[in-house]
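Those sequence lines, one after another, are chains A and B. Counting along the first sequence from 1, when you hit position 5 you're at 5 in full-length UniProt numbering, and nothing is skipped either side. Counting along the second sequence from 1, when you hit position 49 you're at 49 in full-length UniProt numbering, and nothing is skipped either side. All C-beta atoms in this analysis are idealised placements derived from N, C-alpha and C, irrespective of residue type, glycine included.
Number of protein chains: 2
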Amino acid sequence: MSVPTTEPGLRERKKAATRLSLYEAAFRLALEHGPDRITVEAIADEAGVSRRTFSNYFANKEEALFYGDRLRMRQMADMVRARPPDEPAWAALSAAAAEFYGERGDLDPEWTARTRLIRRHPSLAAAQMQSFAAMEREIAAEVSGRLGRSDPRGVRARLISATFLVTLRVSLTVWLEHPADTTFWDLAGESLAEAGRGFA
Amino acid sequence: MSVPTTEPGLRERKKAATRLSLYEAAFRLALEHGPDRITVEAIADEAGVSRRTFSNYFANKEEALFYGDRLRMRQMADMVRARPPDEPAWAALSAAAAEFYGERGDLDPEWTARTRLIRRHPSLAAAQMQSFAAMEREIAAEVSGRLGRSDPRGVRARLISATFLVTLRVSLTVWLEHPADTTFWDLAGESLAEAGRGFA
DNA sequence: ACCCAAACTTGCCTGCTGCGCAAGTTTTCT
DNA sequence: AGAAAACTTGCGCAGCAGGCAAGTTTGGGT
């Protein structure tokens, strides 16, 4: 307790490091051999931990592979939370997405290439969906706060966040198929505008 | 070749029967013991086939459990296809949903109870998502036909069908939580109207 | 009516997986 | 420094997907 710091402490930092290196190992191997020709054991090996430890961090390969996506999405959720609290829900979501995707120019091409390779594989479709589903609850909670009492059962909040994410997902999928045609944000921004017209 | 009939033939009928009885067995056992306390072997036994045969029909328990959902969704897809071909996409989807859900009064209460029980279980969330994902492609294809040349990359088609399904999913989830408050179709119809405003 | 090919079922088998448990190690707290 | 809490690891087990090679059933041609 030397300094009144917010630092996570050694234990937490180590855990984060292990989790990250498991994710990276999974990604590397998936790229090299194809996502369905890798075993949990191989991932654990590559990351320098035991197979059993892998299980302490991720429930399965897919979860490890998509940990990167989770991280990015959590970043975006933070941006949503950082928007002015009186901003209407859909506006806040769009603005956060614009900050996140738009203002960094194009997406990191290496990440794009990797992601495309992974996403191509249909065996991972389920995992991808789940990745978005996890996010949905988190965003719905934030949206719910902005809507206040006008949305008793939370239908609207969930509808808005689900639509928001589904729009991002579709845009990303389409863009990964035809990356040359536009910027990702050109596509996503337009789609968001269109889909959001009902929630303005 | 006795009669120019469209009948599927004995072989196909037997297969359909087996598939259905595997699904029913899975559902029955899941209700009785809880979805994660049943083994593939038990399901196969209950349905009167070998464990190996189960694998010839479904890739895993979840797929079997959600086969009912797939069936219902395929019915709805057929209704979409049956709509007049010049009807705008979102209108056709809403109308099909209205036929499917609205006009049969309330949903079958037994089915509701079963579904709620199954859906409650978080271990099945992935399977549920996949069920909807499968549908998405099918509906997108139909929508694509209605949009014609105005949607080169298929963004709009996918956006519309994804939004449509996500709206149904959210409505269903909310309604299963508070079934007493409204009819399912009251909820879903209103949500569809709201979400669809961007696609009119 | 018969036969053959294609389709389907089944048992056997293998490599992989998720997870409970308990012993050993590292970090944290006081 | 020393005890408590958290984490890693090996071991072991039940369960699972799916290849393979008999057997059995179905369908079409003759």
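The beta carbons of Leu20/A and Ile43/A sit about 13 angstroms from each other, so the pair does not count as a contact at 8 angstroms. Going by C-alpha positions, Val166/A is about 38 angstroms away from Ala47/B.
Taking a C-beta distance under 9 angstroms as the contact criterion, Ser171/A and Val155/B qualify as a contact pair. Within chain A, the residues placing a beta-carbon under 8 angstroms from that of Thr163/B are Thr163, Val166, Thr167, Ala195, ordered along the chain.
The beta carbon of Ala126/A falls within 9 angstroms of a beta carbon belonging to chain B, placing the residue at that interface. Closest in alpha carbon position to Leu22/B, among Val40/B, Pro88/B, Ser144/B, Gln128/B, is Val40/B. At least 9 angstroms separates the CB of Glu138/A from every CB of chain B. A distance below 9 angstroms separates the beta carbons of Leu176/A and Thr115/A. Contact annotation for Gln75/B against chain A: no contact, minimum CB-CB distance about 22 angstroms [criterion: below 7 angstroms]. For Ile160/A against Phe199/A, the beta-carbon gap comes to about 5 angstroms, under 8 angstroms, which counts as contact. Non-local beta-carbon contacts of Ala64/A in its own chain, meaning distances under 6 angstroms to residues more than five positions away in sequence, involve Leu22, Tyr23, Ala26, Phe58 in chain order.
In the three-state reduction of the DSSP assignment, Ala25/A falls in the helix class, which pools H, G and I. Leu192/B and Ala180/A have their C-alpha atoms roughly 34 angstroms apart. What Ser150/B touches in chain A, judged by beta-carbon distance under 8 angstroms, is nothing: the nearest beta carbon there is about 13 angstroms away. Under the DSSP assignment, Ile118/A falls in the alpha helix (DSSP H) whose first and last residues are 109–120. Relative to Gly189/B, the option among Asp69/B, Thr18/B, Arg37/B, Gly102/B whose CA is nearest is Gly102/B.
Rounded to whole angstroms, the Cβ separation of Arg119/B and Gln128/B is 7 angstroms, and the two are in contact under 8 angstroms. Identification of chain A residues near His178/B by a Cβ-Cβ cut-off of 7 angstroms yields Arg153, ordered along the chain.
Taking a Cβ-Cβ threshold of 7 angstroms, none of the residues of chain A is close to Val40/B; the smallest such distance is about 18 angstroms. DSSP places Ala59/B outside both helix and strand once states are collapsed to three, so it counts as coil.
His178/B carries a coil assignment under DSSP once its states are collapsed to helix, strand and coil.
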